[in-house]
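Residue numbers (our numbering), protein chains in the order written: chain S, 992 to 1279; chain A, 244 to 577.
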């Protein structure tokens, strides 16, 4: 078996989330693979556009819901290409790769999801897994976005703002750029939506730090600030998990692009991650 | 291990017999450098070479390596490997292949590398160090495994160590070429090794190096050398354990393309660049330091990622010396 060979998957739905991001729903052509493909939230796949190249992307659907979905931002050559594809087109998918969030260990605890921008994509996988499985005490989602137009999965977020409590899920949203739509949203959910950064959202909040896990994903600059706030709240570094991004070519620890760390603590983001705890970040230089 | 003797007069015939396995690649002189190239006759081989420009990794992790042929949506694997002989490999390069094995053969194994590794017949050869070699200090100056046959020079022939079943088979089939090892041969072998052991001029102090490097992340020495470094990536290309690759799809016909992987270097600014423009290793300092950390990665079961072959020093246009940089980092810390 060649681990670099991808399986054919058909795009069965393309949804425009924002002007830059599209949500692709994919189904493997081989029913056996479609049936057996499972993953842990936080894992990623490599999308293969034959003749153009491959790129890694995190799975944004929950393993409890099939078929799989990928939220792709148009940001480079290959993502520009996939944005041109439509329903019925076939791409290659290989994976899933990486470790994913240790959700089994977290069962029975409160989950604090902190997402910034596109970081919402992998955390959406955790969010719906947590809601669907019902194995978690409480779910908090703190989502920082640039503007109303940039809110990913806007319909789901608004649905959770409205009805989240029934699902044991508490959502809060921060936006940076004020637009009429944001102001309108803020009026509707004055307790839950505000102008500011994602860290502003949970600054005054109280968590049961002994029984909570924080899961973070966002742009590289976000981690340090979010982690500082969480540590200030008394959360142990072992209860803070983050998923990281690097240039990944192979996904299986061969190509060497995603190596981080120094001599004794070298790690591959693709194989040892992309999910790391803050303990890992403390012992691996250059991780965040 | 089995030891046999190959008398000098039988050497050319032994070499001819190797051709039965497949194409024979051996070090040949090319202007001022040596390179592994296909050879027809023993006279072409530079038996006393120092080091080749590109290490033997080029036969296993190729500079340009087609992986798949893509025609429309169809994707075809391109794994077809023929047996070949790699003749005259130095022990540091054998150790380097073992380091590559740990990466490429760990699960899931790389099928391209694995196929080539299985098809290769490796004949090691003893060498004398030059001013760049520091393999002794890393313990890679003598290979205990990782070869099929290993030739040690004697005054009247070669002491041959048989390192694998494939090696045994060759000796078995050509018994008439080999002799039993005598006391005299063992004495000569020992003398040669002792002389060789004393000839090393350069030494890398690996005592606590991994921890020292961890502590010296902010050392000024990195900055000093990063400014001197040209960022050309030569050291990574010639390094026998550097293995970063990049994948790209190249169109060869209107409806057909090849997925090719090719050498990449952590000295290239694009190495850590992700879509969207964020670069995880933006400055040359970041990239320069990263290579030293990667080479000095210490695996308790296998040691460092560097085998002390001295290629990065010899082929560095800025004359940066690996051992010197690490020594200065160590001194700067205390």
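Heads up, the beta-carbon is just placed ideally off N, CA and C, and yes, glycines get one too.
Quiz prompt | Spatial neighbours of residue 336/A in its chain, beta-carbon cut-off 6 angstroms, leaving aside the 5 residues before and after | solution = So the list reads 298, 299, 483, once near-sequence residues are dropped.
Quiz item: Would residue 248/A pass as a contact of residue 400/A if the rule is Cβ separation under 7 angstroms?
Solution: Going by C-beta atoms, residue 248/A is nearer than 7 angstroms to residue 400/A.
Quiz item: What residues from chain A crowd round residue 1214/S, counting only those whose CB sits closer than 8 angstroms?
Solution: Within 8 angstroms of the CB of residue 1214/S, no CB atom of chain A is found; the nearest one sits about 13 angstroms away.
Practice problem: Evaluate the contact criterion for the segment 1082 to 1090 of chain S versus the segment 1118 to 1130 of chain S: three or more CB pairs, one atom per stretch, below 8 angstroms. | Solution: Short answer: they don't touch.
Exercise. Tell me residue 1101/S's beta-bridge partners as DSSP assigns them.
Key: Note: residue 1101/S sits in a beta bridge opposite 1129/S, 1203/S.
Practice problem: Using alpha carbons as the reference points, say which of 575/A, 536/A, 566/A lies closest to residue 381/A. | Solution: Looking at 575/A, 536/A, 566/A, the one whose alpha-carbon comes closest to that of residue 381/A is 566/A.
Quiz item: Shorter than 7 angstroms from the beta carbon of residue 1246/S to some beta carbon of chain A?
Solution: At least one chain A Cβ lies under 7 angstroms of residue 1246/S.
Quiz item: If you draw a straight line from the alpha carbon of residue 292/A to that of residue 370/A, how long is it in whole angstroms?
Solution: Between residue 292/A and residue 370/A, the C-alpha separation is close to 8 angstroms.
Exercise. In the DSSP assignment, find the alpha helix (DSSP H) that holds residue 1123/S and state where it starts and stops.
Key: Counting along the chain, the alpha helix (DSSP H) containing residue 1123/S begins and ends at 1111 to 1124.
Practice problem: For residue 478/A, decide whether its Cβ has a neighbour in chain S, counting only Cβ atoms nearer than 7 angstroms. | Solution: Closer than 7 angstroms: no.
Quiz item: First and last residue of the alpha helix (DSSP H) that includes residue 1272/S?
Solution: Where residue 1272/S is concerned, the enclosing alpha helix (DSSP H) stretches over 1269 to 1274.
Quiz item: In whole angstroms, what is the alpha-carbon distance linking residue 491/A and residue 313/A?
Solution: Whole-angstrom Cα-Cα distance: 12 angstroms.
Quiz item: Starting from residue 1213/S and walking both ways along the beta strand (DSSP E), at which residues does that stretch end?
Solution: No beta strand (DSSP E) holds residue 1213/S; the alpha helix (DSSP H) holding it covers 1213 to 1223.
Quiz item: By the 10 Å Cβ neighbour count, where 16 or more other Cβ atoms means buried, how is residue 274/A classified, buried or exposed?
Solution: Looking at its Cβ environment, which holds fewer than 16 other Cβ atoms inside 10 Å, residue 274/A is exposed.
Exercise. For residue 1171/S, decide whether its Cβ has a neighbour in chain D, counting only Cβ atoms nearer than 7 angstroms.
Key: The chain inventory of the structure shown lacks chain D, comprising the protein chains S and A.
Exercise. Confirm the yes/no value for this check: CB of residue 1232/S, any heavy atom of the ligand ZN, distance under 6 angstroms.
Key: In the structure on display, the ligand ZN does not appear, and there are no ligands present to speak of.
Quiz item: By Cβ distance below 7 angstroms, which residues in the same chain neighbour residue 1275/S in space, the five residues on each side in sequence not counted?
Solution: Close CB contacts of residue 1275/S within its chain, under the 7 angstroms cut and outside five residues either way in sequence, are with 1251, 1252, 1256, 1258 (chain order).
Self-check item: Coil, strand or helix - residue 477/A by DSSP
Solution: Note: residue 477/A maps to helix in three-state DSSP.
Quiz prompt | Inter-stretch contact (C-beta, 8 angstroms, three-pair minimum) for the segment 1139 to 1151 of chain S and the segment 1212 to 1220 of chain S | solution = Output reads no: the segment 1212 to 1220 of chain S does not touch the segment 1139 to 1151 of chain S.
Quiz item: How many angstroms separate the CA atom of residue 366/A from the CA atom of residue 270/A?
Solution: C-alpha of residue 366/A to C-alpha of residue 270/A: approximately 12 angstroms in a straight line.
Quiz item: Hey, would you say residue 1116/S sits closer than 7 angstroms to residue 1050/S, going by beta carbons?
Solution: Against a cut-off of 7 angstroms, the Cβ pair of residue 1050/S and residue 1116/S comes out as a contact.
Quiz prompt | Three-pair Cβ contact test at 8 angstroms for the segment 544 to 560 of chain A versus the segment 504 to 519 of chain A | solution = With the cut-off at 8 angstroms, the segment 544 to 560 of chain A and the segment 504 to 519 of chain A do not touch.
Exercise. For residue 557/A, collect the residues of the same chain with a Cβ closer than 6 angstroms to its Cβ; drop the 5 residues on either side in sequence, then sort them by chain order.
Key: Excluding residues within five positions, the ones whose Cβ falls inside 6 angstroms are 375.
Practice problem: Check residue 1258/S in the structure and name its three-state DSSP category. | Solution: Strand at residue 1258/S.
Quiz item: How about the segment 469 to 484 of chain A and the segment 432 to 451 of chain A: do they share at least three Cβ pairs that are nearer than 8 angstroms?
Solution: Short answer: they don't touch.
Quiz item: Just how far apart, CA to CA, sit residue 1264/S and residue 520/A?
Solution: Taking the straight line from one Cα to the other gives about 22 angstroms.
Quiz item: In terms of alpha-carbon separation, which member of 1032/S, 1067/S, 1205/S, 1062/S lies closest to residue 1007/S?
Solution: Closest by C-alpha distance to residue 1007/S, out of 1032/S, 1067/S, 1205/S, 1062/S, is 1062/S.
Practice problem: State the beta-bridge partners of residue 332/A as determined by DSSP. | Solution: When DSSP reads this structure, residue 332/A sits in a beta bridge with 367/A.
Exercise. Express the C-alpha separation of residue 287/A and residue 258/A in angstroms, rounding to a whole number.
Key: One C-alpha to the other measures close to 12 angstroms.
Quiz item: For a contact meaning CB atoms closer than 9 angstroms, what does residue 1043/S contact in chain A?
Solution: Within chain A, the residues near residue 1043/S are 492, 500.
Quiz item: Taking C-beta to C-beta, are residue 1205/S and residue 1188/S nearer than 7 angstroms?
Solution: Not closer than 7 angstroms, so no.
Quiz item: Residues of chain S with a CB under 7 angstroms from the CB of residue 539/A: which are they?
Solution: Neighbours of residue 539/A on chain S, chain order: 1254.
Quiz item: Which residue spans inside the segment 1128 to 1184 of chain S form an unbroken alpha helix (DSSP H) run of at least 4?
Solution: Under the rule that a run must span 4 or more residues, the alpha helix (DSSP H) segments found entirely inside the segment 1128 to 1184 of chain S read 1145 to 1154, 1171 to 1179.
Quiz item: In the segment 438 to 456 of chain A, which residues sit with their C-beta less than 7 angstroms from some C-beta in chain S, listed in chain order?
Solution: Hits within the stretch, in order: 453, 454, 456.
Quiz prompt | Inter-residue CB distance, residue 421/A and residue 475/A (contact presumed, cutoff 8 angstroms) | solution = So it is not a contact: roughly 46 angstroms between Cβ atoms.
Practice problem: Look at the Cβ atom of residue 1199/S, then the Cβ atom of residue 1081/S, and state whether they are nearer than 7 angstroms. | Solution: Taking a C-beta distance under 7 angstroms as the contact criterion, residue 1199/S and residue 1081/S do not qualify as a contact pair.
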